[in-house]
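Protein sequence lines correspond, in order, to chains A and B. Note that numbering that gives the first Met the number 0 has the first sequence beginning at 0, numbered continuously upward. Note that numbering that gives the first Met the number 0 has the second sequence beginning at 0, numbered continuously upward.
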Amino acid sequence: MGYLGEFEQLILFSVLKLGDDAYGVSIRDTIEERTGRTVSSGAIYTALGRLEDRGMVSSVVGEPIAGRAGRPRKYYALEPSGARMLLSSYTTVQAMAGGLVPKLTELAEA
Amino acid sequence: MAGSAPNPRGLLRRLAALLIRGPEAPFILADLDELLERDIEQGMAGARAHSRYLRNAVASAYSVARRRTRTRISFGVSWLDVKLSVRMLVKHPGLTAVAVFALAIAIPIGFAPLQLWNSFKTPLPFEDGHEILGIQTWGLDAYVDGARQ
């Protein structure tokens, strides 16, 4: 059992989309591109650290890269428990929203 | 170039390194560097790129510090302990008032001996004040022709 916040869901979806290239900058770019929301690098690593503690993602430190002052990237991968939790969170929201979107849109536009 | 004006990028990096702490700090700083390099490569003006870097660094420092204080404030006091304590104080305003009043009385009482000690240590506000050992007054009636009776 557990709970996934909205931001954690965004992070996990980004990690899923990026596959082998999921690290701080690419995750930030994906969230910005898809939601229009700018997030800080620290917020991403904080959420990833929390998710890693809960066993939902795993990380691997890559090779040092010249464009990053010689520092390596830390790549993240979605673990089965993270995938299960994300699927459960997403389907829960979908189930709750089922048939309500037109009504919600109508209210929001009023 | 070298040795003349201070390099703003170097200063920003140093400031970010001071602000962002914790085990993830090297990766966050490297991400900040990568984003800065990319912004400049894409033709963004230096000042704007530096301002973006600074905003990201400050927001990152805030996120990291917030997580660290949430998990562990100090000496094994958790964020939950703090939250529950504040909630209890709000729930029982009478008890809170008594506690604040007791502290308001106890703190000055605790400081009074120190203040007294300090007043003995500092010289009196006169010329050669440190040489004055005592002050006395005599009634003039006790003297006849300048001699004490």
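C-beta atoms are modelled at their ideal positions from N, C-alpha and C, and glycine is treated no differently. Here the structure is a predicted model, which is why all the values come from computation and not from measurement.
8 angstroms Cβ cutoff, residue i in contact with chain A
{"i": "residue 34 of chain B", "result": "yes"}
{"i": "residue 9 of chain B", "result": "no"}
{"i": "residue 6 of chain B", "result": "no"}
{"i": "residue 14 of chain B", "result": "no"}
{"i": "residue 66 of chain B", "result": "yes"}
{"i": "residue 55 of chain B", "result": "yes"}
{"i": "residue 63 of chain B", "result": "yes"}
{"i": "residue 19 of chain B", "result": "yes"}
{"i": "residue 58 of chain B", "result": "yes"}
Residue i: contacting residues in chain B (beta-carbon distance under 9 angstroms)
{"i": "residue 81 of chain A", "result": "Chain B residues near residue 81 of chain A: none, gap ~18 angstroms exceeds 9 angstroms."}
Straight-line Cα distance separating residue j from residue i
{"i": "residue 90 of chain B", "j": "residue 97 of chain B", "result": "14 angstroms"}
{"i": "residue 84 of chain B", "j": "residue 78 of chain B", "result": "10 angstroms"}
{"i": "residue 80 of chain B", "j": "residue 65 of chain B", "result": "15 angstroms"}
{"i": "residue 28 of chain B", "j": "residue 43 of chain B", "result": "20 angstroms"}
{"i": "residue 13 of chain B", "j": "residue 119 of chain B", "result": "47 angstroms"}
{"i": "residue 38 of chain B", "j": "residue 31 of chain B", "result": "11 angstroms"}
{"i": "residue 0 of chain B", "j": "residue 6 of chain B", "result": "Its pLDDT being 43, under 50, residue 0 of chain B is placed unreliably in this model, and the coordinates cannot settle the point."}
{"i": "residue 95 of chain A", "j": "residue 88 of chain A", "result": "11 angstroms"}
{"i": "residue 71 of chain A", "j": "residue 65 of chain A", "result": "9 angstroms"}
{"i": "residue 92 of chain B", "j": "residue 103 of chain B", "result": "16 angstroms"}
{"i": "residue 123 of chain B", "j": "residue 109 of chain B", "result": "24 angstroms"}
{"i": "residue 35 of chain A", "j": "residue 27 of chain A", "result": "11 angstroms"}
{"i": "residue 40 of chain A", "j": "residue 59 of chain B", "result": "6 angstroms"}
{"i": "residue 104 of chain A", "j": "residue 33 of chain A", "result": "20 angstroms"}
{"i": "residue 2 of chain B", "j": "residue 26 of chain B", "result": "Low confidence applies here, because residue 2 of chain B scores a pLDDT of 48, under 50, leaving its location unreliable; read the following figure in that light. Using only the alpha carbons, I get a separation of about 29 angstroms."}
{"i": "residue 23 of chain A", "j": "residue 90 of chain A", "result": "27 angstroms"}
{"i": "residue 132 of chain B", "j": "residue 87 of chain B", "result": "54 angstroms"}
Interface flag, residue i vs chain B, CB-CB below 8 angstroms
{"i": "residue 48 of chain A", "result": "yes"}
{"i": "residue 40 of chain A", "result": "yes"}
{"i": "residue 67 of chain A", "result": "yes"}
{"i": "residue 44 of chain A", "result": "yes"}
{"i": "residue 70 of chain A", "result": "yes"}
{"i": "residue 51 of chain A", "result": "no"}
Cβ neighbours of residue i in the same chain (closer than 7 angstroms, five flanking residues each side left out)
{"i": "residue 82 of chain B", "result": "none"}
{"i": "residue 53 of chain B", "result": "11"}
{"i": "residue 47 of chain A", "result": "10, 56, 75"}
{"i": "residue 15 of chain B", "result": "28, 31, 56"}
{"i": "residue 128 of chain B", "result": "122"}
Beta-carbon neighbours of residue i, restricted to chain A and to distances below 7 angstroms
{"i": "residue 30 of chain B", "result": "23, 24, 40"}
{"i": "residue 26 of chain B", "result": "23, 44, 73"}
{"i": "residue 200 of chain B", "result": "Summary: the structure shown does not reach residue 200 of chain B, with chain B confined to residues 0 through 148, and so no result is reported for it."}
Other residues of its chain near residue i: CB distance less than 8 angstroms, five sequence neighbours each side excluded
{"i": "residue 55 of chain B", "result": "31, 34"}
Close-in-space but distant-in-sequence residues of the same chain around residue i (CB under 6 angstroms, 5 per side omitted)
{"i": "residue 25 of chain A", "result": "17"}
Near the ligand NAP: residue i beta-carbon under 7 angstroms from a heavy atom
{"i": "residue 43 of chain A", "result": "This structure lacks the ligand NAP, and indeed carries no ligand of any kind."}
With a floor of 3 residues, list each beta strand (DSSP E) that falls wholly inside the stretch 20-76 of chain B, ordered by position along the chain.
none
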